[in-house]
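To start, the structure itself, in C-alpha cells.
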Amino acid sequence: MSMGPLRAWKLASKVLTRHDAPDLFPHFTFPGLGYYTWNDSTFWTSGFFPGIVWLLYERSLMTTLSVAPSNDLLRAAQKWQIEMAKEQFKTDNHDLGFMIMPSFARDYDLTGNRASLDVVVNAARSLASRFSPTTGTIRSWAGARTKTYNLNDEDVDFVVVIDSMMNLDLLYYAAHHTGDKSLADIATTHATTTLANHIRPDHSSYHLVSYDPHRQGVVRHRLTNQGYANESTWARGQSWALYGFATVYQWTRDERFLDAAIEIAKYFLSRVDESNGVDTIVYWDFDAPRPGVWDVSAAACASSGLLLLQKLAPDRCNYLESVLRILDTVTTRATSKGDCLLERSTSNDHVHALHRLAEHGVVYADYYFLEAGNRLLQLQGKQSNPSREDGKS
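Under my numbering, the letters of the sequence shown match residues 36 to 428, in that order.
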C-alpha cells in the first residue's frame with residue numbers, strides 16, 4: 036500500500052505550496068480522468084481529505100515507513116483542517132460526523148489540541164438539533180428525489196438514510212468528553228430506531244426510510260436513492276450499517292448492537308463475489324444484475340469496519356482473512372494513476388437517479404482504505420496504538 040499514501044501526501048503538500056489553509060477539498064474523479072473535482076467546506080465529503088492527512092500522520096507514529104517526517108505531516112494536517120472549522124455550526128444536514136471527525140477528533144486524540152475538541156463538541160450539538168423525539172431519529176436530508184419519486188415536504192416526510200449511522204460517533208465522542216449524556220442518548224435512540232426500521236430480518240439494509248414527523252413510530256416509505264431497487268441491498272449502505280453499529284457497540288457496550296453488527300457483517304461477506312476464483316469483488320449493489328459495476332468505497336469502508344469489529348469482539352469475530360482478500364482485489368484491480376488512490380467506486384448507479392456516476396474515484400474510498408491500513412498495523416501489533424479506541428469502555 037506504499038504508493039497510495041505517497042500519492043496522497045504529494046497532493047496534500049502540493050496544494051499547501053499555493054494555499055496556507057486550503058478552502059477547496061477533493062471530492063471525486065470522473066471515469067477515465069485522473070484529476071479530482073473539488074468542493075468547498077460545506078459539501079459532505081469535505082472532511083475526508085483533511086482526515087487522510089491525519090491518517091498519514093497517525094501512521095507515521097506507528098511505523099518508520101512514513102511518507103514524510105512526522106512533524107511535516109502534523110503541520111500539513113493542521114493546515115488542511117483550518118477551513119473546516121466553521122462547519123461546526125452547520126445544522127442543515129446530518130453529515131457533520133463525516134465532515135468533522137476524520138480531522139478534529141484525530142487532532143485531539145493525537146495532540147491534545149483543545150480547540151479541536153471544542154469544534155467536535157459544537158458540531159455534535161449542531162447535529163443533535165436535528166433529532167426528533169417523535170420519530171426517534173436524526174433527520175438526514177430535507178427531502179429525497181429521483182425520476183420516480185419526490186419527497187419534498189419536511190412536514191410530511193422525515194427522511195433518514197442508513198449513512199446516518201456513521202455520524203453517531205460524533206455524538207458519543209462529544210458526550211464522552213463533556214459528560215453531556217443527552218448527546219449519547221440521542222445517538223442510542225437513533226441507532227435503536229434505525230435497527231428496527233432499516234435492517235431487514237436477514238440483516239440486509241434499506242437505504243432510505245421516511246417517517247411521519249407527527250406520528251410516533253409510523254414509517255411512510257422504504258426506498259433507495261442510490262441502490263438498484265427499493266428492496267435490494269446497496270453495498271455501501273450495508274458497509275455504513277456494519278461500521279456504524281460496530282461504533283455504537285464500541286461506545287455503549289450494548290450487546291444488541293454487537294449482535295446487529297456481526298449479523299450485518301455476515302450478510303455483507305456472504306454477498307461479495309468470489310466466483311472467478313481470484314478476486315473478492317464488492318459490486319455497487321448486491322442484487323444488481325451481473326456483471327455489474329464495482330463499489331470500491333463500500334469495500335474499503337467495510338474492511339475498516341470489519342477490523343474495528345474484530346478488535347471489539349475478538350472472541351466472536353475473525354475477519355482478517357476476508358479483509359485481506361477484499362483489499363488485495365482493491366489494490367490489484369482498482370488502484371489509480373491519478374489524484375485519487377483508488378478507482379472503481381460508484382457514487383450512484385440507480386437507474387432513476389437524477390445524476391448517475393459509476394466506476395470512478397471518490398475521496399472517501401481513499402480515506403477508509405488508508406484507515407483500514409492503519410487498523411491492520413494496529414492489529415498486527417507492530418506499534419502502540421495512538422488512537423482513541425483503546426480508551427473507550
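Just so you know, even glycine gets a beta-carbon here, dropped at the ideal spot from N, CA and C.
Note to self: Looking only at its chain, what residues have a beta carbon closer than 6 Å to the beta carbon of Y302, apart from the 5 residues adjacent to it on each side?
What the structure shows: Taken in chain order, the residues that qualify are H238, S239.
Check: Excluding sequence positions up to five away, which residues of its chain have a Cβ less than 6 Å from the Cβ of T282?
Finding: Sequence-distant Cβ neighbours of T282 in its own chain, meaning closer than 6 Å and more than five residues away, are D204.
Note to self: If you reduce the DSSP assignment to three classes, tell me which class V50 lands in.
What the structure shows: In this structure, V50 counts as helix in the three-state DSSP scheme.
Next item on the list: Compare the Cα-Cα distances from M119 to each of G147, A103, G171, G132 and report the closest residue.
Entry: Each of G147, A103, G171, G132 was checked against the Cα of M119, and the nearest Cα belongs to G132.
Notebook entry, point to check: Looking only at DSSP bridge pairs, what is T172 linked to?
Noted result: For T172, DSSP records a beta bridge to S167.
Item checked: Length of the line joining the Cα atoms of T77 and G312 -> Distance from the CA atom of T77 to the CA atom of G312, rounded to whole angstroms, is 43 Å.
Item checked: Contiguous beta strand (DSSP E) assignments of at least 3 residues, all confined to the stretch 181-266 -> List check, beta strand (DSSP E) in window: 193-196, 243-246, 254-258.
Next item on the list: Please classify Q251: is it buried, with 16 or more other beta-carbons within 10 angstroms of its beta-carbon, or exposed?
Entry: With fewer than 16 other Cβ atoms within 10 Å, it is exposed.
Next item on the list: Go to T366, then tell me how far its alpha helix (DSSP H) extends in each direction, as first and last residue.
Entry: Annotation: the continuous alpha helix (DSSP H) that includes T366 extends over 355-368.
Note to self: Can you find the residues in the same chain that come closer than 6 Å, C-beta to C-beta, to W275, ignoring five residues on each side of it along the sequence?
What the structure shows: Listed in chain order, the non-local C-beta contacts of W275 below 6 Å within the same chain comprise I197, D198, M200, M201, local neighbours out to five positions each way being set aside.
Margin query: Could you compute how far the alpha carbon of T99 sits from the alpha carbon of E266?
Written below: Rounded to whole angstroms, the separation of the alpha carbons of E266 and T99 is 47 Å.
Notebook entry, point to check: Leaving out the 5 sequence neighbours to the left and right, which residues in its chain are closer than 6 Å to P66 when beta-carbon positions are compared?
Noted result: Once the five neighbours on either side are set aside, the close Cβ partners of P66 are E394, H395.
Check: Under 9 Å between the Cβ atoms of S357 and G69?
Finding: Going by C-beta atoms, S357 is not nearer than 9 Å to G69.
Check: Which word fits Q415, buried or exposed, when buried means at least 16 other C-beta atoms lie within 10 angstroms of its C-beta?
Finding: With fewer than 16 other Cβ atoms within 10 Å, it is exposed.
Item checked: Same chain, Cβ closer than 8 Å to K216, five either side skipped, listed in chain order -> Excluding positions up to five away in sequence, the list reads A210.
Next item on the list: Give the straight-line distance between the Cα atoms of L344 and N409, rounded to the nearest whole angstrom.
Entry: For L344 and N409, the distance between alpha carbons rounds to 15 Å.
Notebook entry, point to check: Hey, how far is the Cα of D425 from the Cα of D75?
Noted result: Residue placement at D425 is poorly supported in this model, since its pLDDT is 47, which falls under 50; the coordinates are not used for a value here.
Next item on the list: Out of R306, K182, V88, point me to the one whose CA is closest to N260's CA.
Entry: Closest by C-alpha distance to N260, out of R306, K182, V88, is K182.
Check: If you run the structure through DSSP and keep just helix, strand and coil, what is L389?
Finding: Coil, per DSSP.
Note to self: Runs of 4 residues minimum, wholly inside the stretch 66-103: which ones carry the alpha helix (DSSP H) assignment?
What the structure shows: DSSP runs (the alpha helix (DSSP H)) wholly in the stretch 66-103: 83-95.
Item checked: Assigned secondary structure, T64 (DSSP; H/G/I helix, E/B strand, else coil) -> Here T64 sits in strand by DSSP.
Check: Cβ of K114 within 9 Å of Cβ of A56?
Finding: If you check the CB distance, K114 and A56 come in under 9 Å.
Checklist line | Reference E406; option with closest CA among F84, P61, V156 | finding: Looking at F84, P61, V156, the one whose alpha-carbon comes closest to that of E406 is F84.
Notebook entry, point to check: If we call anything under 9 Å between Cβ atoms a contact, is C352 one with I299?
Noted result: For C352 and I299, no; Cβs fall outside 9 Å.
Notebook entry, point to check: So what does DSSP say about W286, is it helix, strand or coil?
Noted result: It is helical.
Note to self: Closest to T366 by C-alpha separation, out of F404, S310, D127, would be which residue?
What the structure shows: Of F404, S310, D127, the residue nearest in Cα terms is F404.
Checklist line | Residue closest to L347, alpha-carbon to alpha-carbon, out of F139, Q413, Y402 | finding: For the residues F139, Q413, Y402, the minimum Cα distance to L347 belongs to Q413.
Item checked: T146: first and last residue of the uninterrupted alpha helix (DSSP H) it sits in -> Note, T146: alpha helix (DSSP H), 141-146.
Checklist line | Per DSSP, cross-strand counterpart(s) of D308 | finding: According to DSSP, which records beta bridges pairwise, D308 is partnered with I316.
Margin query: Taking a contact to mean a Cβ-Cβ separation below 9 Å, would you say I234 touches V307 in this structure?
Written below: No; because the gap between Cβ atoms is not below 9 Å, this pair is not in contact.
Checklist line | Nearest neighbour of N157, chosen from D130, R174, E122, G272 [CA to CA] | finding: Minimum Cα distance to N157 is reached at E122.
Next item on the list: Work out the CA separation of G86 and R174 for me, nearest whole Å.
Entry: Answer to the nearest angstrom: the Cα atoms are 25 Å apart.
Item checked: Selected residue, minimal CA-CA separation from H249, among W176, V317, T172 -> Taking only the C-alpha atoms, the option nearest H249 is T172.
Check: Do L376 and G39 have their CB atoms nearer than 9 Å?
Finding: Yes, these two residues count as a Cβ contact at 9 Å.
Check: Residues in its own chain within less than 6 Å of V378 by CB, not counting five upstream and five downstream?
Finding: In the sequence as displayed, the identity of residue 378 is Glu instead of Val. Annotation for E378: A369, S371, G396 place their beta carbon closer than 6 Å to its own, counting only its chain and skipping 5 residues before and after.
Check: L359: buried (16+ other C-beta within 10 angstroms of its C-beta) or exposed?
Finding: So L359 counts as exposed.
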